Amino acid sequence: MVPPTSDEYKSILNKFDQAMRGHYNQIVHIQRVQNERWYMQYLAHSRDFQNRLHADTEQRLYHGCPELAAHSISESCFNRSYAGINGIALGAGVYFSSEATYSHGYTRPNANGERCMFIARVLVGKTTGGNSSMKTPPPGFDSTSSGSAFVIYHDAQAYAEHLITYK
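Residue numbers for the sequence shown follow this note's numbering, beginning at 12 and rising by one.
Structure representation (structure tokens):
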């Protein structure tokens, strides 16, 4: 857990508070996700993007999900195998948003009314519009998007950095 008195906690809380604009009542806790294997894979993917695109395309995006999915993501990172559970309007990948309120719509309260949302580092790369028939982005592209929503198709293209549990 990230200590509530730390600068890290205060920074995340401030950004989350601004992004959620009154859509929550309290932060229960903030957890720093630490998975060395997945982080190393993410870094390798990041270097590939840097070399290929000559630009930093990393964004910090939100991913809301039910509590059970949050535990799985914390242990095993994001997994495209679950694509389609909440729809595939932009393609059959893992969805993220730059708007926390959008991702909030994909959270589900547990028995205590607690919801889970990740802040993830996401390599969006070169993006294009998506559609429901896409299983991968078209050649020359790394993700699909429609404004604030982004879909990635490679599991190492995102790293769950923090899990926010809130009411």
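Ideal placement from N, C-alpha and C gives every residue a C-beta, glycine not left out.
Quick caveat: nothing in here was measured; it's all calculated off a predicted structure.
How would you call G75, buried or exposed, if buried means at least 16 neighbouring beta carbons within 10 angstroms?
Sequence index remark: in the sequence shown, residue 75 carries index 64 (1-based). With 16 or more other Cβ atoms within 10 Å, it is buried.
Enumerated in chain order, which unbroken segments of the alpha helix (DSSP H) with a length of 4 residues or greater are wholly contained in the segment 24 to 94?
If you keep only unbroken alpha helix (DSSP H) runs of at least 4 residues inside the segment 24 to 94, you get 47 to 64 and 78 to 87.
Any idea which residues DSSP pairs T155 with across the strands?
By one-based count along the sequence shown, residue 155 stands at place 144. Its beta-bridge partners are T139 and V162.
For the candidate residues A30, V39 and H34, whose alpha-carbon lies nearest to that of P15?
Start at 1 with the first residue of the sequence shown, and residue 15 comes out as number 4. Among A30, V39 and H34, the Cα nearest to that of P15 belongs to V39.
Would you check if the segment 131 to 138 and the segment 158 to 172 touch, i.e. whether three or more CB-CB distances between them fall below 8 Å?
yes
Just grab the DSSP bridge partners of S108 for me.
One-based indexing of the sequence shown puts residue 108 at position 97. Y73 and A160.
With a cut-off of 8 Å on the beta carbons, I'd call E125 and Y177 a contact; round off their distance for me.
For this step, residue 125 is matched to residue 114 along the sequence shown. For this step, residue 177 is matched to residue 166 along the sequence shown. Contact holds; Cβ gap of about 7 Å.
Quick check: the Cα distance between P148 and I163, rounded to an integer number of angstroms?
The residue labelled residue 148 in the question sits at position 137 within the sequence shown. The residue labelled residue 163 in the question sits at position 152 within the sequence shown. So the alpha carbons of these two residues sit roughly 8 Å apart.
According to DSSP, is Y19 helix, strand or coil?
Within the sequence shown, residue 19 is the residue found at index 8, counting from 1. For the record, residue 19 in the displayed sequence is Glu; it is not Tyr. Residue state, collapsed to three classes: helix.
Counting along the chain, where does the beta strand (DSSP E) carrying A131 start and finish?
Walking along the sequence shown from the start, residue 131 turns up at place 120. Where A131 is concerned, the enclosing beta strand (DSSP E) stretches over R126 to L134.
Apart from the five residues just before and just after D28, which ones in its own chain have a Cβ nearer than 6 Å to its Cβ?
As a first step, residue 28 must be located in the sequence shown, where it is residue number 17. Closer than 6 Å at Cβ, skipping near neighbours: no residue.
Taking 6 Å as the limit between beta carbons, can you name the residues of its chain near Y53, skipping five residues before and five after?
Position 42 of the sequence shown holds residue 53. Hits under 6 Å: A167 and Y170.
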